[in-house]
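Sequential numbering of the sequence shown, starting at 60, is according to this note's numbering.
To start, the structure under review is shown below, and the notes come after it.
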Amino acid sequence: MTCGAAEGPFADNLVYRFGQWLLCEFPQWLTDFLSIVALSV
60 MTCGAAEGPF ADNLVYRFGQ WLLCEFPQWL TDFLSIVALS V
């Protein structure tokens with residue numbers, strides 16, 4: 060599974076798209092979130 064736009068038969072599959080988000084976007088989101096929390100403490 061690669062990052063980027065979903066293509067082919069999986070383009071409309073929400074589970075597939077969520078899996079892509081989890082692998083591609085979530086780690087960066089989590090890093091940003093934790094750094095904000097750390098600054099707020």
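Virtual Cβ for every residue (Gly too), placed ideally from N, Cα, C.
Item: Helix, strand or coil at VAL100 [DSSP, three-state]; Value: coil
Item: Rounded C-alpha distance that separates LEU89 from ASN72; Value: 24 Å
Item: MET60, buried or exposed, once every other Cβ within 10 Å from all chains shown has been counted against 16; Value: Note that MET60 has pLDDT 49, beneath the 50 cutoff, so the model's placement of it is unreliable and no number is given.
Item: Classification of GLN87 by the beta-carbon crowding that lies within 10 angstroms, buried from 16 upward; Value: exposed
Item: Range covered by the alpha helix (DSSP H) that runs through CYS83; Value: 73-83
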